[in-house]
Each structure stands twice: as structure tokens, then as C-alpha cells.
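First up is the structure itself, then whatever we jot down about it.
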Amino acid sequence: GAVVSQHPSWVICKSGTSVKIECRSLDFQATTMFWYRQFPKQSLMLMATSNEGSKATYEQGVEKDKFLINHASLTLSTLTVTSAHPEDSSFYICSALGVGNTQYFGPGTRLTVL
Amino acid sequence: AQSVAQPEDQVNVAEGNPLTVKCTYSVSGNPYLFWYVQYPNRGLQFLLKYITGDNLVKGSYGFEAEFNKSQTSFHLKKPSALVSDSALYFCAVSPNTGGFKTIFGAGTRLFVKA
Numbered sequence: 002g003a004v005v006s007q008h009p010s011w012v013i014c015k016s017g018t019s020v021k022i023e024c025r026s027l028d029f030q031a032t033t034m035f036w037y038r039q040f041p042k043q044s045l046m047l048m049a050t051s052n053e054g055s056k057a058t059y060e061q062g063v064e065k066d067k068f069l070i071n072h073a074s075l076t077l078s079t080l081t082v083t084s085a086h087p088e089d090s091s092f093y094i095c096s097a098l099g100v101g102n103t104q105y106f107g108p109g110t111r112l113t114v115l
Numbered sequence: 039a040q041s042v043a044q045p046e047d048q049v050n051v052a053e054g055n056p057l058t059v060k061c062t063y064s065v066s067g068n069p070y071l072f073w074y075v076q077y078p079n080r081g082l083q084f085l086l087k088y089i090t091g092d093n094l095v096k097g098s099y100g101f102e103a104e105f106n107k108s109q110t111s112f113h114l115k116k117p118s119a120l121v122s123d124s125a126l127y128f129c130a131v132s133p134n135t136g137g138f139k140t141i142f143g144a145g146t147r148l149f150v151k152a
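Read top to bottom, the protein sequences are chains A and B. Residue numbers for the first sequence follow this note's numbering, beginning at 2 and rising by one. Residue numbers for the second sequence follow this note's numbering, beginning at 39 and rising by one.
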């Protein structure tokens with residue numbers, strides 16, 4: 002139980018284009034999902050908290066207009082990286098909040114912007 | 039400020055020997071405590087958590103963790119390491135103050151040598 006999927010697992014795009022990453026909780030409903038960014042050999046950096054049916058809460062320093070988050074249903078949250086640039090290249094990981102404050106993580110999406 | 043410390047960047051253990059990965063935290067109240075494991079290019083997998091009760095928590099893959107309130111520590115242990123345990127381990131703390139944010143440690147890379 003408590004499986005979270007992410008799609009795509011990797012994506013390469015040109016600078017200036019937008020990329021959408023999906024995060025789905027497959028066997029449970031998640032009112033709250035989180036989006037993280039992980040740089041090589043570093044810990045996870047929380048970007049935003051996504052709440053179903055309401056606006057996401059962004060961490061300080063994360064551009065809301067650049068990283069658009071939509072949590073339209075209890076099983077799906079999407080992160081859209083708009084006008085991507087090479088510095089946005091990273092490993093993006095989502096998680097869904099389960100019982101007892103336990104987060105269940107997706108497998109991650111590696112974004113490479115050329 | 040709330041924080042989680044994993045004092046060792048790397049832990050090296052011979053297969054069959056016991057392993058310990060250390061974690062201390064500075065969070066007020068009675069937080070929830072977690073351990074996650076990350077394999078290369080993958081998301082995090084939940085190992086175990088402590089909420090309340092017995093200080094020794096057993097989790098997946100033979101791992102266990104010992105909660106010590108006076109030392110504010112939550113060290114991860116395994117009696118006999120396997121080569122397949124080699125991965126990146128994250129300690130995480132959720133303050134349990136009404137929000138769901140989780141604070142992650144920097145991670146400890148475990149190498150188990152055959």
C-alpha cells in the first residue's frame with residue numbers, strides 16, 4: 002500500500018519551454034502533497050506544499066510563477082516548470098501525506114534543460 | 039531553529055557486521071521521527087517511524103531505530119549489514135504542531151563492503 006507514482010521519470014527539454022510533472026497517489030487519497038528538489042549529493046529541499054482544492058504554499062525563495070502547482074484531485078498533483086532554464090535542471094521528487102504524518106515518496110523525475 | 043543533524047556523511051561497514059547511522063534533532067515538543075532510504079536515481083522509501091510508545095522501533099528490511107528523548111537522538115541500526123543496504127539514508131522529523139512539514143537531515147551514505 003501507499004504507492005506514489007511520478008511521470009515522467011526523466012525529461013529533457015529546450016530552454017524556454019515548459020514541463021509538467023505529475024504525481025499520483027495510487028492506492029490512497031492525499032489531501033496534502035509535497036514537492037521537493039534534490040541537488041546532487043544533497044538533501045531534499047522543500048519547494049511547496051500542495052493542498053487539494055486550494056492554492057499551494059510555497060517555501061521562501063521559490064518562485065510561484067515559475068513553479069506552478071495544481072492539486073485538482075485527491076490523487077493527483079502537478080508541477081509545471083515554466084520557461085525552463087538550465088539552472089532548473091534537477092531531480093524533482095513529490096510525496097503524498099499519509100497517516101501519522103508519514104510521507105510516501107514518488108520515484109522522482111530527472112529534468113534536464115538544454 | 040528546528041534542525042536535524044546527521045553527523046556522518048558516510049558510514050562504512052563490512053557485510054555481516056552491525057551498523058548504526060546517527061541522527062539527532064532539535065525540535066520542540068514531541069515530534070514524529072522517521073527514517074527513509076534512497077537508492078540511486080530513485081525517490082525515498084519509508085523505513086520506519088516513531089510516534090510514541092516503545093523506544094525501539096522496528097521497520098522494513100530488518101532495520102530498527104532507537105529513540106532517546108534525553109539525548110534527542112533517533113539512531114538507525116541493523117544487527118547484520120548486507121551489501122544491498124548500501125544507499126543514502128535520511129533522518130526526518132515532523133514537529134507535530136498542527137502542520138505537516140517535515141525537516142530532513144542532510145543524509146548519510148552507507149557503504150557495506152562484501
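Every residue, glycine too, gets a C-beta built ideally from N, C-alpha and C.
Does the distance from the CB of leucine 148/B to the CB of valine 49/B come in under 7 Å? Position 110 of the second sequence, counted from the first residue, corresponds to residue 148/B. Position 11 of the second sequence, counted from the first residue, corresponds to residue 49/B. In contact: leucine 148/B and valine 49/B (Cβ atoms closer than 7 Å).
Rounded distance between the beta-carbons of cysteine 95/A and valine 5/A, thought under 8 Å: As a first step, residue 5/A is located in the first sequence; it is residue number 4 there, counting from the start. As a first step, residue 95/A is located in the first sequence; it is residue number 94 there, counting from the start. The pair is a contact, with the Cβ atoms about 7 Å apart (cut-off 8 Å).
Can you tell me which of the three DSSP states asparagine 102/A falls into? Translated into the one-based positions of the first sequence, residue 102/A becomes position 101. Here asparagine 102/A sits in helix by DSSP.
Any idea which residues DSSP pairs glutamine 83/B with across the strands? Within the second sequence, numbered from 1, the residue matching residue 83/B stands at position 45. In DSSP, glutamine 83/B forms a bridge with Val75/B.
Just verifying my parser: in three-state terms, what is the DSSP assignment at valine 20/A? Along the first sequence, one-based indexing puts residue 20/A at 19. The answer is strand: DSSP assigns valine 20/A an E or B state.
Which residues in chain B sit within 8 Å of phenylalanine 106/A, going by Cβ to Cβ distance? For the purposes of this step, residue 106/A is taken as residue 105 along the first sequence, with counting starting at 1. Residues of chain B passing the Cβ test: Tyr74, Gly81, Leu82, Gln83, Phe84.
Quick check on this structure: which residue in Cys129/B, Gly143/B, Gln83/B has the alpha carbon closest to the alpha carbon of glutamate 156/B? For residue 156/B there is no data in the structure shown, the boundaries of chain B being 39 and 152.
Can a CB atom of chain A be found closer than 7 Å to the CB of lysine 87/B? Within the second sequence, the letter at position 49 stands for residue 87/B. Closer than 7 Å: yes.
Extent of the continuous beta strand (DSSP E) run through glutamate 104/B: Taking the first residue of the second sequence as 1, we reach residue 104/B at position 66. Here the beta strand (DSSP E) through glutamate 104/B covers 102-106.
Is any beta-carbon of chain A found at less than 7 Å from that of alanine 144/B? Stepping through the second sequence from its first residue, residue 144/B is reached at position 106. It does; some Cβ of chain A falls within 7 Å.
Buried or exposed (CB count within 10 angstroms, at least 16 for buried), tyrosine 63/B: As a working note, residue 63/B is residue 25 in the second sequence. Burial call: buried.
Give me the Cα-Cα distance between threonine 110/A and proline 87/A, rounded to the nearest whole angstrom. Start at 1 with the first residue of the first sequence, and residue 110/A comes out as number 109. Start at 1 with the first residue of the first sequence, and residue 87/A comes out as number 86. For threonine 110/A and proline 87/A, the distance between alpha carbons rounds to 15 Å.
Give a yes or no on whether the C-beta atoms belonging to valine 95/B and leucine 85/B are separated by under 7 Å. Looking up residue 95/B in the second sequence gives position 57. Looking up residue 85/B in the second sequence gives position 47. No, the pair does not count as a contact, with Cβ atoms beyond the cut-off.
With DSSP as the reference, please indicate the residues paired to methionine 46/A in a beta bridge. For the purposes of this step, residue 46/A is taken as residue 45 along the first sequence, with counting starting at 1. For methionine 46/A, which the question treats as bridged, DSSP gives the partners Arg38/A.
Within the same chain, show all residues whose beta-carbon is closer than 6 Å to that of lysine 116/B, passing over the 5 residues directly before and after it, in chain order. Counted from its first residue, the second sequence places residue 116/B at position 78. Excluding positions up to five away in sequence, the list reads Leu57, Gly100, Phe101.
Using a Cβ cut-off of 8 Å, pull out every chain A residue sitting near phenylalanine 128/B, in sequence order please. The residue given as residue 128/B occupies position 90 in the second sequence. Per Cβ cutoff of 8 Å: Ser44, Leu45.
3-residue-minimum beta strand (DSSP E) runs that sit fully inside the segment 57-99 of chain A, ordered along the chain: 68-74, 77-82, 91-98
Same chain, Cβ closer than 7 Å to valine 114/A, neighbours up to 5 away in sequence not counted: On the first sequence, position 113 is the one that residue 114/A refers to. Contacts found: Cys14, Ser16, Ala85, His86, Pro87, Asp89, Ser90.
Candidates Pro45/B, Val51/B, Asn68/B, Pro78/B, of which the one nearest leucine 126/B by Cα: Translated into the one-based positions of the second sequence, residue 126/B becomes position 88. Considering only alpha carbons, the answer is Pro78/B.
So, is the C-beta of serine 111/B closer than 7 Å to a C-beta in chain A? Along the second sequence, one-based indexing puts residue 111/B at 73. For serine 111/B, the answer is no, since every Cβ of chain A falls outside 7 Å of its Cβ.
Taking a contact to mean a Cβ-Cβ separation below 7 Å, would you say glycine 107/A touches glutamine 43/A in this structure? Counting from one through the first sequence, the residue named residue 107/A turns up at place 106. Counting from one through the first sequence, the residue named residue 43/A turns up at place 42. No. Outside cutoff.
Would you say the beta carbon of asparagine 134/B comes nearer than 6 Å to a heavy atom of the ligand GTP? Within the structure as shown, the ligand GTP is missing, as the structure has no ligands at all.
Based on the DSSP output, what are the partners of cysteine 14/A in its beta bridges? Along the first sequence, one-based indexing puts residue 14/A at 13. Cysteine 14/A pairs with Val114/A.
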